[in-house]
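> Just so you know, we're using the numbering used here here: the sequence shown kicks off at 29 and counts up by one.
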Amino acid sequence: MKLDLAIDRGNGSVKWFAHLEDGRNYCGKFASMILQNRGKADPISVDGVEWLYGATVGSVGLDLAIRPSESGAQGKVDHFPVVLAGVLQELMKLGNVGHELEIENLSIVSPVCNPTLKATYETALKGRKFALKGKQLKLKIKSVEVFPEASIVLKKSSADIVVDVGYGTVLGSVRGVDGYSALLENGSERLLTKVLNHPKFVASIDAQEGKSVPQVELLALTLAKGATSIRGVDLLPLLSEIVPQWFDENAIALLPKLRRIAKEEGLSRGCLLIGGGVELLKLALGDSAVPWATARGCILTETSDFASVQTLGELWAVKSPVAVGGR
């Protein structure tokens, strides 16, 4: 089976989009965590080493998980073959693709793009041996390309500004301007930590004998499923209070600078909000999310966290499927 494959390995989740030679299209996501297997069923294998990925890691131990955010930009490259194996196994769950795959175009979304990064990924993938569902995978990768996170979305958007609210960072970019116009090391992980440390939530946990405040990764996994209750506490009132304020103080605070740059470039100042953090904003505000964004001169998409990989699919002239795999 031949296919084109796009992967966005974020700090919070891995998003992917696959276009198969027979016209089928799939996309999905899973938590951006991996861990060497510790007796769990259905692992993936790279070079004979078994791995777990996604939410399964959380059932073994969040403290043991390997996350890309732990080693900066290099963390997106480290263990990428394991991430690719996880994506291919997810693809197998959705469609009958067999164990002989030829990836004609592997497109990787990266926060940093430079002339050596493509070669780094090619080297990391060369000669690897993959096994999925206990069977050896015959895999050929013909081409590897790297695309800039956030700004790639402007290739198919009517907006001239994009703000990508990720788990680890908030990125801002303007059409036609090389590099990022703004980068904050203050993504939605900080927002979720703020929720967990809120006095109302802490008091609710303290009132329950034997319960403790959960780790931020567990909260992220819970919210990714669209659930707003954790440890028996409904977080929706807190999210409705904290999330919009955090967005105003962080993501929206970038807009004056980005709009000045857009004006200097002779561009419009409409802004597209994307990223997993935007899905959290939608969860917190419900039907009020679109009016909230419109009042700030911003646009929301239906699947904000899939924006980068779906844009790559559109650049292949492929219609994007409905996203799967939770929030």
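All residues carry an ideal CB built from backbone N, CA and C; glycine is no exception.
All of these numbers come straight from a predicted model, not from anything done at the bench.
Determine whether the beta carbon atoms of glutamate 132 and serine 171 lie at a separation below 8 Å.
Closer than 8 Å, so yes.
> With the cut-off set at 8 Å, would you say leucine 211 and threonine 221 are in Cβ contact?
No, these two residues do not count as a Cβ contact at 8 Å.
> Report yes if the CB atom of leucine 88 is closer than 8 Å to the CB atom of valine 42, and no otherwise.
The question names leucine, but residue 88 is valine in the sequence shown. In this structure, valine 42 does not lie closer than 8 Å to valine 88 by Cβ.
> Tell me whether tyrosine 149 sits in a helix, a strand or coil according to DSSP, three-state version.
Three-state DSSP puts tyrosine 149 in a helix.
> Can you find the residues in the same chain that come closer than 8 Å, C-beta to C-beta, to leucine 266, ignoring five residues on each side of it along the sequence?
For leucine 266, where only same-chain residues beyond five positions count, the Cβ hits under 8 Å are Val223, His226, Lys228, Phe229.
> Restricting to Cα atoms, I'd like to know which of Pro143, Pro96, Asp262, Tyr54 is closest to asparagine 39.
Of the candidates Pro143, Pro96, Asp262, Tyr54, the one whose C-alpha sits nearest the C-alpha of asparagine 39 is Pro96.
> So who's on the other strand from glutamate 128, going by DSSP bridges?
Answer by DSSP bridge pairing, in chain order: Lys166.
> Relative to the alpha-carbon of valine 181, which residue among Ser336, Leu145, Lys163 has its alpha-carbon at the smallest distance?
Of the listed residues, the one whose Cα sits closest to valine 181 is Ser336.
> Mapping DSSP to helix, strand and coil, what is leucine 182?
Leucine 182 falls in the helix class under three-state DSSP.
> Decide if arginine 66 is buried, meaning its Cβ has at least 16 other Cβ atoms within 10 Å, or exposed.
By the 10 Å Cβ count, arginine 66 comes out exposed.
> For leucine 160 and valine 318, what's the separation of their Cα atoms in angstroms?
Cα to Cα, the separation comes out at about 41 Å.
> For glutamine 236, count the other beta carbons within 10 Å of its own beta carbon; 16 or more makes it buried, fewer makes it exposed. Which is it?
That one is exposed.
> Return the residue from the list Val190, Asn214, Ile72 that minimises the CA-CA distance to glycine 204.
Ranking Val190, Asn214, Ile72 by Cα distance to glycine 204 puts Val190 first.
> Excluding the five sequence neighbours on either side, which residues of its own chain have a C-beta within less than 7 Å of the C-beta of glutamate 293, listed in chain order?
Hits under 7 Å: Val202, Gly204, Val205.
> Give the DSSP-derived three-state secondary structure of aspartate 50 in the structure shown.
Note: aspartate 50 maps to coil in three-state DSSP.
> Roughly how far, in whole angstroms, is the beta-carbon of glycine 238 from the beta-carbon of asparagine 53, given that I think they are within contact range, below 8 Å?
The pair is not a contact, with the Cβ atoms about 47 Å apart (cut-off 8 Å).
> Which residues in the same chain as lysine 68 place their Cβ atom closer than 8 Å to its Cβ, once the five residues preceding and following it in sequence are excluded?
If we look at lysine 68 and ignore the five residues flanking it on each side, its Cβ neighbours are Leu80, Thr84, Ser87, Val88.
> Taking 8 Å as the threshold (beta carbon to beta carbon), is threonine 339 in contact with chain B?
The chain inventory of the structure shown lacks chain B, comprising one protein chain alone.
> Alpha carbon to alpha carbon, how far is serine 240 from aspartate 234? Give it in angstroms, no decimals.
Rounded to the nearest angstrom, the two C-alpha atoms are 7 Å apart.
> Please report the residue range of the alpha helix (DSSP H) in which isoleucine 233 lies.
Run containing isoleucine 233: 227-234, per the alpha helix (DSSP H) assignment.
> So, are the CB atoms of glycine 3 and glycine 303 less than 8 Å apart?
The structure shown does not extend to residue 3, since the chain is modelled only from 29 through 355, so no value can be given for it.
> Kindly provide the ranges of any alpha helix (DSSP H) runs that are 4 or more residues long and lie completely inside the region 294-355, ordered along the chain.
Taking only runs of at least 4 residues, the alpha helix (DSSP H) segments lying wholly in the region 294-355 are 304-313, 317-323, 335-343.
> Go through its chain and collect everything with a Cβ distance to phenylalanine 275's Cβ below 7 Å, but skip five positions before and after it.
The answer, listed in chain order, is Leu309.
> Arginine 156 and aspartate 75 look like a contact to me (Cβ under 8 Å); what is the Cβ gap, rounded to whole Å?
Their Cβ separation, rounded to whole angstroms, is 6 Å, which keeps arginine 156 and aspartate 75 in contact under 8 Å.
> So the candidates are Lys146, Ser316, Ala178, Lys30; which of them puts its Cα closest to the Cα of glutamate 269?
If we check each option's Cα against that of glutamate 269, Ser316 comes out closest.
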